[in-house]
Structure formats: structure tokens, C-alpha cells
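A.B. asks: Sharing a structure here in C-alpha cells format.
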Amino acid sequence: MREVRIRDTLTGEVRTLEDEEVGIYACGPTVYSRIHIGNARPFVVFSLFARFLRSEGYRPKLVVNVTDINDKIYVAAREAGKGSEEFAEEMTAAYIEDTDRLGVGRPDSEPLASETVEGIVSLIAELVEAGHAYESGGDVYYRVRSFDDYGKLSNRRPEDMDQGEDAGSASLKEDRLDFALWKAHKPDEDTSWDSPWGPGRPAWHIECSVMAEQELGAAFAIHGGGSDLVFPHHENEIAQSEGAGRPFAQLWMHNGMIETGAAKMSKSEGNIFQLSTALDTYGREAVVAYLISGHYRQPLAFGEEQMEEAVARVERLRNFFRENPLVQTAGQAPGEGSAGKQRGGPGDPSPGARIEAFREALADDFNTPRALAEVFELVGEANRGEVPKAEAGGVVAEMLELVGLSTLTQPEKGAESDERALELMQEREAARAAKEFARADELRDELAGMGWTVRDSADGPSLVPKT
RNA sequence: GGCGCCUUGGCGGAGUGGCUACGCAGCGGCCUGCAAAGCCGUUUACACCAGUUCGAUUCUGGUAGGCGCCUCCA
161 MREVRIRDTL
171 TGEVRTLEDE
181 EVGIYACGPT
191 VYSRIHIGNA
201 RPFVVFSLFA
211 RFLRSEGYRP
221 KLVVNVTDIN
231 DKIYVAAREA
241 GKGSEEFAEE
251 MTAAYIEDTD
261 RLGVGRPDSE
271 PLASETVEGI
281 VSLIAELVEA
291 GHAYESGGDV
301 YYRVRSFDDY
311 GKLSNRRPED
321 MDQGEDAGSA
331 SLKEDRLDFA
341 LWKAHKPDED
351 TSWDSPWGPG
361 RPAWHIECSV
371 MAEQELGAAF
381 AIHGGGSDLV
391 FPHHENEIAQ
401 SEGAGRPFAQ
411 LWMHNGMIET
421 GAAKMSKSEG
431 NIFQLSTALD
441 TYGREAVVAY
451 LISGHYRQPL
461 AFGEEQMEEA
471 VARVERLRNF
481 FRENPLVQTA
491 GQAPGEGSAG
501 KQRGGPGDPS
511 PGARIEAFRE
521 ALADDFNTPR
531 ALAEVFELVG
541 EANRGEVPKA
551 EAGGVVAEML
561 ELVGLSTLTQ
571 PEKGAESDER
581 ALELMQEREA
591 ARAAKEFARA
601 DELRDELAGM
611 GWTVRDSADG
621 PSLVPKT
């Protein structure tokens with residue numbers, strides 16, 4: 161089990177995970193629309209990070225919530241002409257479907273805000289009791305200035321906060337900095353829950369404080385999410401939990417935004433690209449490969465060119481396994497047995513050194529681009545014959561498994577089921593043997609039209625899906 | 001205005017006080033009947049100005065430009 165270091169947003173420092181138990185709470189979506197590729201980044205990053213930790217012998221528990229009570233859901237449901245609960249259920253199902261298609265597995269737990277209301281009410285009651293919150297007109301607000309540490313995560317002081325609220329509107333708040341914990345039921349909202357302050361519903365930030373503790377206990381290891389959540393969302397979570405005297409996350413891990421052009425992808429910018437569309441267009445491997453092509457903390461450029469590059473690099477890996485099929489040893493998973501066979505030093509082109517460097521890159525603030533460079537280095541070494549291909553293949557498979565790309569190692573169900581294509585291929589082979597190249601090329605074009613690329617090799621021709 | 005981040009070759013994107021990241025694309029070549037795949041070579045990058053240093057893309061200061069958050073947002 162190696163030392164794993166992560167950059168902490170709160171302290172700005174790189175910190176080492178101290179405990180084998182690693183509770184990770186990563187903020188999931190508010191289900192008011194289909195998710196876009198930007199929303200997929202934290203899903204993939206935290207899933208793969210947890211997978212890596214597990215492979216190192218840690219015991220991670222990844223919790224990704226679904227916020228299914230929210231102003232936007234009421235609005236969107238009304239527009240869709242549906243009940244808000246029905247709408248939220250549909251969108252949750254769509255979210256599950258879309259993220260399932262990424263093929264990186266499900267989080268260990270995916271709590272719903274709507275199933276956490278009881279805990280939410282009791283946390284709010286505690287905050288009221290402690291003087292950190294107050295009821296006003298059926299709403300309950302958090303008294304920001306009562307919490308001394310407010311602003312510690314986003315490094316801002318309450319007095320510096322430029323409030324964007326309209327000065328004219330009559331507010332129920334004592335202070336414009338205060339934020340809602342509970343919102344009184346409004347006539348146009350079709351759901352509400354009972355509370356000591358009357359019927360209403362949870363406001364935005366409170367559910368995470370409750371779900372994180374319910375799922376992971378107090379003082380859990382890592383809280384993650386997009387960098388756009390640092391303020392106010394995560395700042396407010398800290399105020400809620402720590403204000404109630406409950407130790408909260410020990411380390412904060414934020415992923416950068418995906419950008420189109422020079423602006424971040426967001427629904428309000430109107431520059432979104434839906435995850436399902438990306439999956440349809442480029443395939444899951446390319447989408448995953450794209451999402452880990454940059455360091456998680458940095459912004460990542462999105463565009464057709466970037467996605468096509470991802471398709472190409474994934475194809476390069478796939479080609480490697482087309483030419484070097486994994487040898488399945490009985491009772492051994494692909495790649496197993498090569499781990500730990502470390503030898504040589506840095507620069508040693510042995511597969512053992514490559515997997516070591518790969519894992520070390522991931523242990524160093526989850527540096528996926530550096531890890532992927534090791535994958536490509538090793539593939540290149542094997543293609544050049546500098547290392548035994550079978551051994552390299554096993555190691556590359558192990559690497560790809562860790563980053564959610566193990567399907568690249570598996571032969572695709574392909575030509576063998578397409579009898580017509582196989583016939584044409586044999587026909588072309590016969591034409592080539594007879595030196596009827598015009599006829600052979602004609603057949604190749606025909607196969608291309610059917611979606612197949614012909615590859616001739618010393619072992620004879622083969623068909624691979626056209627990209 | 002406040003806080004934080006960024007500026008690397010055609011594009012994406014790592015990283016380091018001195019040595020080829022990696023990938024994609026382009027160009028030339030090898031292989032091939034021609035291709036595809038693979039391989040080799042190639043255009044020798046670190047915004048700008050100072051400073052520290054034997055030496056800076058990498059540290060310090062400044063300049064210019066850009067981004068994020070401060071309102072819903074992964």
C-alpha cells in the first residue's frame with residue numbers, strides 16, 4: 161500500500177492519506193435535466209480514484225448524492241407538465257442510465273435528498289438550538305456571522321462578500337449573507353414536508369451535510385466536487401456541520417471545469433454537450449479517456465478536436481490488443497501477476513518499472529495524464545519489440561483496468577459474426593493471390609462501406625471495425 | 001471591487017533548476033501490390049520584462065492577457 165497524496169483545497173497543501181478507511185463524499189447532480197459531459201468529470205474522477213485506492217489496499221467508500229429536491233426541479237417539472245416527484249424520478253433514472261454507460265461502476269452509496277428529510281430537519285433544529293440558525297416567516301436561515309470559520313474554505317471574509325441581491329426586495333433574513341436551510345412551502349410547489357417551522361422543504365446545501373455524515377460518519381476523509389461548488393455550497397456545508405459541533409471533511413478535493421472555447425461548460429452559458437450525446441458520438445472509452453486526459457484539478461478544453469483525439473488514442477490502445485491478444489492464464493485475471501514484479505530503476509523500460517511509475521503517478525495527487533503517458537510508453541516499447549509483448553500486454557491491461565478502460569483489451573465481437581463480410585474478405589484474398597488487384601480493391605471498398613477495415617498481415621487478413 | 005487559478009511546440013496536455021513527457025494532427029520515409037496497423041525521422045515549445053543562480057520553461061518581483069467563484073452551476 162503506497163502513500164497517497166492529494167492537494168487539499170482548504171489548506172492548499174498536498175496531504176497524505178493517513179487512514180486505510182477513506183470515506184469520500186462527492187457532490188452529485190441536482191436532477192433537473194440530463195447531465196452534460198462536465199458533470200461526468202467528477203463522477204469519473206472520483207470513481208476511478210476510489211478504484212485506485214482499493215487496488216492499493218485502502219478501503220474507500222464513495223458516496224455520491226442525488227439532490228432531488230430543489231427550486232429548479234419545481235420549475236423544470238412545471239415546464240414539462242409533470243409532478244415534481246415524477247420528474248425528479250425520471251431525471252434520476254436518466255442520470256443513472258447515462259453514468260452507467262460510462263462503465264466505471266456505481267458509487268458505493270447514492271443517497272437521495274428526498275429520503276434524508278428527517279435528518280435534515282433534525283440538523284436544522286440543532287442549528288437553531290445552537291443559535292446558528294433562526295426561523296423567519298416559515299423559512300429557516302443560517303446566521304452566517306455566528307460561525308467564526310465562515311469563509312475558511314474559499315478564503316474569503318464575510319465583509320468582502322459582494323452581495324448580488326436586489327437591495328429593494330424585502331428579505332426575511334437578518335443579514336444578507338445568511339442563507340436558507342429550510343424554505344416554507346409555496347402554493348405552486350407540489351411537495352412539502354412537515355417541520356417544526358411548518359410545511360416546507362430543505363434548501364440547497366443542507367442535504368449534503370446530513371447525507372455525508374449519515375453515510376460516512378463525522379470527520380470523514382475526503383469531500384469532493386467541482387471547483388464551482390467551493391463557494392457557496394461547500395462553504396455552507398462546513399458552516400452547517402461544524403456549526404452543529406460535528407467534525408466534517410478532513411480534506412477537500414475539487415475538480416476543474418470543462419471549458420468550451422474560453423468559457424466553462426454550464427447550463428446557464430448554454431454551451432452544454434450532453435453526456436449521452438458524447439457517448440453516442442464517440443463511444444464510452446473515448447469519453448473516459450478524454451475525461452482523464454488532463455489533471456483532475458485543471459480546467460479541460462472540450463471540443464470536437466479533443467474528442468476525436470480521444471477516439472484516436474483509444475484506437476491506438478485497441479490496436480495493440482488486436483495484434484497482441486491477451487493470453488488468458490487459468491485462474492488469473494488479465495494483468496494479474498505482473499504487479500509488484502518491480503525491478504530496475506527509473507528509465508528502465510521494463511513493464512515492471514512502467515506499472516510502478518503508473519501507480520506512483522496516481523498516488524501523486526491522482527495524476528492521470530502522467531499515468532497515461534506510462535501506458536503509451538509501454539505500448540510503444542512493446543510495438544518496437546523492446547519488451548516481450550505478452551508481458552507488456554498483461555501490464556497494460558492492468559493499467560487500463562485501473563482507469564476504467566479495460567474493455568479496450570477485449571476483442572470486439574466483430575467480423576466472425578458477419579458472414580457476408582468474411583466471404584468478401586476471402587474473395588478479396590483470392591483476388592490478391594491471383595494478382596487481380598483492381599478486384600481486390602473493389603472488395604475492400606465494399607467492406608469499408610459495410611463498416612470494416614481490412615488489415616493484411618503475415619497471418620492473413622483480418623477485419624476491424626472502421627473508426 | 002474581493003478571493004483563487006492559469007498562460008508550454010499546429011492542437012490537447014504533463015513536468016522539471018541543467019537531460020525526449022505523452023497523445024493527436026502535419027510532413028518525409030520503412031513495411032505493403034496499394035492500403036490499414038506498426039515502426040523511423042521531422043517542424044527543436046515553455047506569454048513579456050527584470051532579478052536570484054554557474055545555469056530558469058521550472059524560483060522571486062513586475063507587465064500583458066485569459067479563466068473561475070463571489071447568483072443557480074460538476
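Mind the numbering: the first sequence is residues 161 to 627 in the numbering used here, read in order. Backbone N, C-alpha and C fix where the C-beta goes; we use that ideal spot for every residue, glycine too.
Using a threshold of 7 Å, state whether the C-beta atoms of K318 and L337 are closer than that.
C.D. replies: As a working note, residue 318 is residue 158 in the first sequence. As a working note, residue 337 is residue 177 in the first sequence. According to the sequence as given, residue 318 is Pro; it is not Lys. Against a cut-off of 7 Å, the Cβ pair of L337 and P318 comes out as a contact.
A.B. asks: With 16 other CB atoms within 10 Å as the buried threshold, where does P548 fall?
C.D. replies: Stepping through the first sequence from its first residue, residue 548 is reached at position 388. Classification of P548: exposed, given that the 10 Å Cβ count is below 16.
A.B. asks: Report back the beta-carbon spacing between A381 and I233 to the nearest angstrom; my notes put them in contact at under 8 Å.
C.D. replies: As a working note, residue 381 is residue 221 in the first sequence. As a working note, residue 233 is residue 73 in the first sequence. That belief does not hold up - the Cβ atoms of A381 and I233 are roughly 30 Å apart, past 8 Å.
A.B. asks: Less than 8 Å between C-beta atoms, sequence neighbours within five positions excluded: which residues of the same chain meet that for F480?
C.D. replies: Here residue 480 refers to the residue found at position 320 when the first sequence is read from its first residue. V539, A542, N543, G553 and V556, listed in sequence order.
A.B. asks: Would S641 pass as a contact of S352 if the rule is Cβ separation under 7 Å?
C.D. replies: With the chain covering 161 to 627 only, the question about residue 641 has no answer from this structure.
A.B. asks: What does the alpha-carbon distance come out to for the pair E496 and S426?
C.D. replies: Counting from 1 along the first sequence, the entry for residue 496 is found at position 336. Counting from 1 along the first sequence, the entry for residue 426 is found at position 266. Since pLDDT at E496 reaches only 43, below the 50 mark, its modelled position is unreliable, and the value read off the structure follows with that caveat. Looking at the two C-alpha atoms, the distance is approximately 41 Å.
A.B. asks: Any idea what DSSP makes of D260, helix, strand or coil?
C.D. replies: Residue mapping note: residue 260 aligns to position 100 of the first sequence, counting from 1. Helix at D260.
A.B. asks: Taking buried to mean at least 16 other C-beta atoms within 10 Å of its own C-beta, is F206 buried or exposed?
C.D. replies: Numbered from its first residue, the first sequence carries residue 206 at position 46. So F206 counts as buried.
A.B. asks: For E537 and A513, I'd like the C-alpha separation in whole angstroms.
C.D. replies: For this step, residue 537 is matched to residue 377 along the first sequence. For this step, residue 513 is matched to residue 353 along the first sequence. Each residue's alpha carbon lies about 11 Å from the other.
A.B. asks: Return the CA-CA distance between L532 and K626, expressed in angstroms with no decimal places.
C.D. replies: Within the first sequence, numbered from 1, the residue matching residue 532 stands at position 372. Within the first sequence, numbered from 1, the residue matching residue 626 stands at position 466. The alpha-carbon atoms of L532 and K626 are separated by roughly 24 Å.
A.B. asks: Give, in chain order, every unbroken run of the beta strand (DSSP E) that is at least 3 residues long and sits entirely within the segment 312-357.
C.D. replies: DSSP runs (the beta strand (DSSP E)) wholly in the segment 312-357: 339-344.
A.B. asks: Evaluate the contact criterion for the segment 409-421 versus the segment 288-303: three or more CB pairs, one atom per stretch, below 8 Å.
C.D. replies: Counting Cβ pairs under 8 Å, fewer than three are found: no touch.
A.B. asks: In chain order, what residues of the same chain have a beta carbon less than 6 Å from the beta carbon of S329, not counting five sequence neighbours either side?
C.D. replies: For the purposes of this step, residue 329 is identified with residue 169 of the first sequence, where counting begins at 1. Interpretation of S329 is limited by its pLDDT of 47, a score under 50 that renders its predicted location unreliable; no figure is taken from the coordinates.
A.B. asks: Do you know how far the Cα of V447 is from the Cα of L607?
C.D. replies: Along the first sequence, read from residue 1 onward, the residue named residue 607 stands at position 447. Along the first sequence, read from residue 1 onward, the residue named residue 447 stands at position 287. Cα to Cα, the separation comes out at about 27 Å.
A.B. asks: Do V390 and S314 come within 7 Å of each other at the CB atom, strictly closer than that value?
C.D. replies: Here residue 314 refers to the residue found at position 154 when the first sequence is read from its first residue. Here residue 390 refers to the residue found at position 230 when the first sequence is read from its first residue. Their beta carbons are under 7 Å apart, which means S314 touches V390 by this criterion.
A.B. asks: Using only alpha-carbon positions, find the residue among A340, D578 and A521 that is nearest to F209.
C.D. replies: If you number the first sequence from 1, residue 209 lands on position 49. Of the candidates A340, D578 and A521, the one whose C-alpha sits nearest the C-alpha of F209 is A521.
A.B. asks: Give, in chain order, every unbroken run of the beta strand (DSSP E) that is at least 3 residues long and sits entirely within the segment 235-296.
C.D. replies: Within the segment 235-296, the complete beta strand (DSSP E) runs of at least 3 residues are 293-296.
A.B. asks: Would you kindly work out how many angstroms separate the C-alpha atoms of V487 and A423, rounded to a whole number?
C.D. replies: Walking along the first sequence from the start, residue 487 turns up at place 327. Walking along the first sequence from the start, residue 423 turns up at place 263. C-alpha separation (whole angstroms): 46 Å.
A.B. asks: Report the residue from A240, A372 and E561 whose alpha carbon sits nearest the alpha carbon of L283.
C.D. replies: Along the first sequence, one-based indexing puts residue 283 at 123. With distances taken between Cα atoms, L283 lies closest to A372.
A.B. asks: To the nearest angstrom, how far is it from the Cα of V174 to the Cα of G377?
C.D. replies: Within the first sequence, the letter at position 14 stands for residue 174. Within the first sequence, the letter at position 217 stands for residue 377. The straight-line gap from Cα to Cα measures roughly 24 Å.
A.B. asks: Excluding sequence positions up to five away, which residues of its chain have a Cβ less than 8 Å from the Cβ of H345?
C.D. replies: Walking along the first sequence from the start, residue 345 turns up at place 185. Once the five neighbours on either side are set aside, the close Cβ partners of H345 are G298, S352, G358, P359, G360 and R361.
A.B. asks: Could you tell me which whole beta strand (DSSP E) segments of length 3 or greater appear in the segment 162-222?
C.D. replies: Segments of the beta strand (DSSP E) lying fully in the segment 162-222: 165-167, 174-176 and 181-186.
A.B. asks: From the DSSP output, which residues share a beta bridge with I382?
C.D. replies: Translated into positions along the first sequence, residue 382 becomes position 222. According to DSSP, I382 bridges with I184 and L411.
A.B. asks: Tell me, which residues are paired with E419 by DSSP?
C.D. replies: As a working note, residue 419 is residue 259 in the first sequence. Answer is K424 and A461.
A.B. asks: Report yes or no: do three or more beta-carbon pairs, one from the segment 161-181 and one from the segment 210-221, lie closer than 8 Å?
C.D. replies: A contact exists between the segment 161-181 and the segment 210-221.
A.B. asks: Going by alpha carbons, who is nearest to N396 out of A379, W364 and P571?
C.D. replies: Stepping through the first sequence from its first residue, residue 396 is reached at position 236. When only C-alpha atoms are compared, the closest one is W364.
A.B. asks: Please report how far the alpha carbon of A438 lies from the alpha carbon of T171, in whole angstroms.
C.D. replies: Mapped onto the first sequence, residue 438 falls at position 278. Mapped onto the first sequence, residue 171 falls at position 11. Each residue's alpha carbon lies about 36 Å from the other.
A.B. asks: Buried or exposed for F597, please, with buried defined as at least 16 other CB atoms from any protein chain shown within 10 angstroms of its CB.
C.D. replies: Residue 597 sits at position 437 when you count from the first residue of the first sequence. Burial call: exposed.
A.B. asks: Are the beta-carbon atoms of A186 and Y310 separated by less than 7 Å?
C.D. replies: As a first step, residue 186 is located in the first sequence; it is residue number 26 there, counting from the start. As a first step, residue 310 is located in the first sequence; it is residue number 150 there, counting from the start. Not a contact, by the Cβ cut-off of 7 Å.
A.B. asks: Measuring CB to CB, does N225 end up less than 7 Å from P271?
C.D. replies: Working through the first sequence from its first residue, we reach residue 225 at position 65. Working through the first sequence from its first residue, we reach residue 271 at position 111. Yes, they are a contact pair.
A.B. asks: Starting from D605, trace the alpha helix (DSSP H) both ways and give me its first and last residue.
C.D. replies: Working through the first sequence from its first residue, we reach residue 605 at position 445. F597 to G609 is the extent of the alpha helix (DSSP H) around D605.
A.B. asks: Just mark G443 as buried or exposed, buried being the case when its beta carbon has 16 or more other beta carbons within 10 Å.
C.D. replies: For the purposes of this step, residue 443 is taken as residue 283 along the first sequence, with counting starting at 1. Buried, by the Cβ-count rule.
A.B. asks: What does the Cβ neighbour count give for P511, buried or exposed, with the cut at 16 atoms within 10 Å?
C.D. replies: Here residue 511 corresponds to residue number 351 of the first sequence, with the count starting at 1. Per the 10 Å Cβ criterion, buried.
A.B. asks: Just curious, the alpha helix (DSSP H) that T441 is in, first and last residue?
C.D. replies: Here residue 441 corresponds to residue number 281 of the first sequence, with the count starting at 1. L435 to Y442 is the span of the alpha helix (DSSP H), which, as asked, contains T441.
A.B. asks: For the candidate residues E257, R599, N199 and A253, whose alpha-carbon lies nearest to that of S387?
C.D. replies: Within the first sequence, the letter at position 227 stands for residue 387. Answer by Cα proximity: N199.
A.B. asks: Decide if V235 is buried, meaning its Cβ has at least 16 other Cβ atoms within 10 Å, or exposed.
C.D. replies: The residue you call residue 235 lines up with position 75 of the first sequence. Exposed, by the Cβ-count rule.
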